[in-house]
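Residue numbers (UniProt numbering), protein chains in the order written: chain A, 1 to 187; chain B, 1 to 187. Quick notes on the structure that follows.
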DNA sequence: TTCATAATGTGATCTACATCACTTTTTATT
DNA sequence: AATAAAAAGTGATGTAGATCACATTATGAA
């Protein structure tokens, strides 16, 4: 089966067939329909998810009931409520499907076991985490120094495909701007 | 010498004396005075820094000349321009001292060598990176859903010592709010 | 095809915060 | 102790973007 996972890992470290089989045996494949939840607020977070196909988002709903999007994840992206996942506490984010989606699920236990067994894999996850950290720093800087319009244009440049697949309302809540303002910006 | 580094690492993984000596041999100790630069924009980024004593900040200056603070780092914190450090490109952030500061410096080469030699250390850095990632997610959420006042109060609660050591002007630029507004909020 | 629901657009109004200009206070420096 | 420089406070005014209210256009389900 060509899931994209092997290619994804091998962008960072080469794997033998045996190694990849070993890695893969630690994942569970699951399918979800549009609007289904992978993680619900308040629930335990059992998995980190690698998106094989489809599109999901993670978001937080504040006291005022407003939804803020932490992350989108399409093919070859990882997503979870990492805070809750790593500390094995209840989710404060929800993760749900924008499209029908297939994911590889990795429990914390299996992740840690893989990392302990295979130094290479620990290396892989360290690299991934480093890149993620850098991406979040960029996002923080753009929240600090760019106007809504600038952030919008930047996102459009970086991920044009999002604009075909994600309703503007959700993009607005990712960018930290109201639906109405985003609508006026893009026209 | 009690630098705090060993205790810091041992919060995550135990080390033998020999192992710690090995680790330590990959670091260089440097001292800087208030206002000195550890990293200058446009220059190559040679090190990741572990702060032994003192206080530094990393910041980005935008086209309009406005400074935005990415991070503060006091005792036991790590700081660098990670984007530039990991990809060995020119700095887009500057790192400079708010107080006289002592740091342990780790080159990328030494970091990767340590990680390759000692699986434990790769584990350590993976864990650190994961925590950093989570912290940045929190900050993004608070930029998305909280008012300047709320962010201010939250920061005050989390790091009260910053308020004794850092001028309000800098806190403002960390929080993404103008000096004047912060002044009005805190009164 | 019809009806319902979600997504988008658009005007009118409001507000949190920025910016500018100036004063006062605090901190360094000789 | 005197002077300069940095930090902090504060009023007046401007503005990006929020909010509210409603109209229009897609999308989907029976």
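Virtual Cβ for every residue (Gly too), placed ideally from N, Cα, C.
When the Cα of residue i is compared with those of the options, which residue comes out closest?
{"i": "residue 14 of chain A", "options": "A:118, A:70, A:46, A:42", "result": "A:118"}
{"i": "residue 28 of chain A", "options": "A:103, A:156, A:160, A:36", "result": "A:103"}
{"i": "residue 42 of chain A", "options": "A:90, A:60, A:130, A:125", "result": "A:90"}
{"i": "residue 182 of chain A", "options": "A:58, A:157, A:138, A:147", "result": "A:147"}
{"i": "residue 185 of chain B", "options": "B:166, B:152, B:122", "result": "B:152"}
{"i": "residue 72 of chain A", "options": "A:163, A:83, A:143", "result": "A:163"}
{"i": "residue 74 of chain A", "options": "A:111, A:99, A:124", "result": "A:99"}
{"i": "residue 80 of chain A", "options": "A:24, A:65, A:66, A:38", "result": "A:38"}
{"i": "residue 55 of chain B", "options": "B:166, B:138, B:61, B:86", "result": "B:166"}
{"i": "residue 190 of chain B", "options": "A:126, A:36, A:82, A:114", "result": "Outside the shown range of chain B (1 to 187) lies residue 190 of chain B, about which nothing can therefore be said."}
{"i": "residue 21 of chain A", "options": "A:121, A:129, A:58, A:150", "result": "A:121"}
{"i": "residue 31 of chain B", "options": "B:16, B:19, B:17, B:49", "result": "B:49"}
{"i": "residue 52 of chain B", "options": "B:82, B:134, B:106", "result": "B:106"}
{"i": "residue 33 of chain B", "options": "B:101, B:170, B:169", "result": "B:101"}
{"i": "residue 18 of chain B", "options": "B:6, B:87, B:12", "result": "B:6"}
{"i": "residue 60 of chain B", "options": "A:155, A:145, A:78", "result": "A:145"}
{"i": "residue 85 of chain A", "options": "A:47, A:11, A:115", "result": "A:47"}
{"i": "residue 78 of chain B", "options": "B:132, B:136, B:179", "result": "B:132"}
{"i": "residue 136 of chain B", "options": "B:175, B:179, B:25, B:16", "result": "B:175"}
{"i": "residue 9 of chain B", "options": "B:35, B:187, B:177, B:128", "result": "B:128"}
{"i": "residue 173 of chain B", "options": "B:83, B:57, B:187", "result": "B:57"}
{"i": "residue 24 of chain B", "options": "B:168, B:114, B:150, B:70", "result": "B:114"}
So if DSSP puts residue i in a beta bridge, which residue, or which two residues, is it bridged to?
{"i": "residue 102 of chain A", "result": "A:31, A:53"}
{"i": "residue 17 of chain A", "result": "Its beta-bridge partners do not exist; DSSP assigns none."}
{"i": "residue 95 of chain B", "result": "B:39, B:58"}
Beta strand (DSSP E) containing residue i: first to last residue?
{"i": "residue 39 of chain A", "result": "37-39"}
Along the alpha helix (DSSP H) that carries residue i, what are the first and last residues, could you check?
{"i": "residue 9 of chain A", "result": "5-10"}
{"i": "residue 114 of chain B", "result": "108-117"}
To test your reading of the DSSP string, which unbroken alpha helix (DSSP H) runs of 4 or more residues are found completely within the segment 123-184 of chain A? 148-158, 162-165, 168-175
Could you pull out every unbroken alpha helix (DSSP H) segment of at least 4 residues lying fully inside the segment 57-91 of chain A, listed in chain order? 82-87
For the pair the segment 90-99 of chain B and the segment 33-52 of chain B, tell me if three or more CB-CB distances fall below 8 angstroms. Inter-segment contact for the segment 90-99 of chain B and the segment 33-52 of chain B is present: three or more beta-carbon pairs are separated by less than 8 angstroms.
Does the segment 2-9 of chain A come into contact with the segment 59-67 of chain A, if we say contact requires no fewer than three beta-carbon pairs (one atom in each stretch) closer than 8 angstroms? no
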